[in-house]
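**Q** In the numbering used here, the protein residues as written are 12 to 163.
Take a look at the following structure, please.
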């Protein structure tokens, strides 16, 4: 699969967000929301840091983008995240009307965008999301693997 250079560059930014998690003990997942080549929202996992079960990277990035743009409908944006979104984040991606999702590593245990479930492309939904996977997937997986190896 050929990777779009813009997707690759955006994933580098998401990986930078993910590495910030290491200072707080959060699972290193980062996300950015891109609109017309510009980052309009960024986020990282902050569940441990904030004691908030909903403080996932994707939600933090979507919230930041909505504030930045002054609207909840992000139908002209791309969400770029280092790990395949879970059910909650996949739902939020759809509800924000994100048309395109770029992900790094697949989550074979809890992913909801093609691995365990495929919520974002379910034909029963009124909104579906294009999914581009495995962008810098090895690098994203390595960051997660190293984090969990150090926790054991």
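Where is the CB? At the ideal position from N, CA and C, for every residue including glycine.
Which residue marks the beginning of the beta strand (DSSP E) containing residue 54, and which one marks its end?
**A** 49-55
**Q** Use the C-beta contact count for residue 65: other C-beta atoms within 10 angstroms, 16 or more gives buried, fewer gives exposed.
**A** exposed
**Q** State the Cα-Cα distance for the pair residue 94 and residue 73, rounded to the nearest angstrom.
**A** 15 Å
**Q** With a threshold of 8 Å, are at least 3 pairs of Cβ atoms found where one atom belongs to the stretch 31-38 and the other to the stretch 97-116?
**A** Counting C-beta pairs closer than 8 Å gives fewer than three between the stretch 31-38 and the stretch 97-116, which falls short of the contact rule.
**Q** In three-state terms, what does DSSP make of residue 88?
**A** coil
**Q** Assign residue 68 to one of three DSSP states: helix, strand, or coil.
**A** helix
**Q** Kindly list the residues whose CB is nearer than 6 Å to the CB of residue 69, restricted to its own chain and excluding five residues on each side of it in sequence; keep chain order.
**A** 42, 92, 96 and 100
**Q** Can you list the alpha helix (DSSP H) stretches of 4 or more residues lying completely in the stretch 92-128, in chain order?
**A** 98-106
**Q** Check whether the Cβ atoms of residue 21 and residue 52 lie closer than 8 Å to each other.
**A** The Cβ atoms of residue 21 and residue 52 do not sit closer than 8 Å to each other.
**Q** Considering just the uninterrupted stretch of the beta strand (DSSP E) at residue 44, what are its terminal residues?
**A** 41-46
**Q** For a test of the three-state rule: what should DSSP assign to residue 146, helix, strand or coil?
**A** coil
**Q** Output the boundary residues of the alpha helix (DSSP H) element that contains residue 30.
**A** 16-30
**Q** Return the CA-CA distance between residue 103 and residue 121, expressed in angstroms with no decimal places.
**A** Rounded to whole angstroms, the gap between the alpha carbons of residue 103 and residue 121 is 15 Å.
**Q** Going by C-alpha to C-alpha distance, which of 158, 110, 37 and 55 sits closest to residue 26?
**A** 55
**Q** In whole angstroms, what is the alpha-carbon distance linking residue 124 and residue 130?
**A** 6 Å
**Q** With distances taken Cα to Cα, identify the nearest neighbour of residue 48 among 16, 128 and 61.
**A** Measuring from the Cα of residue 48, the nearest candidate turns out to be 16.
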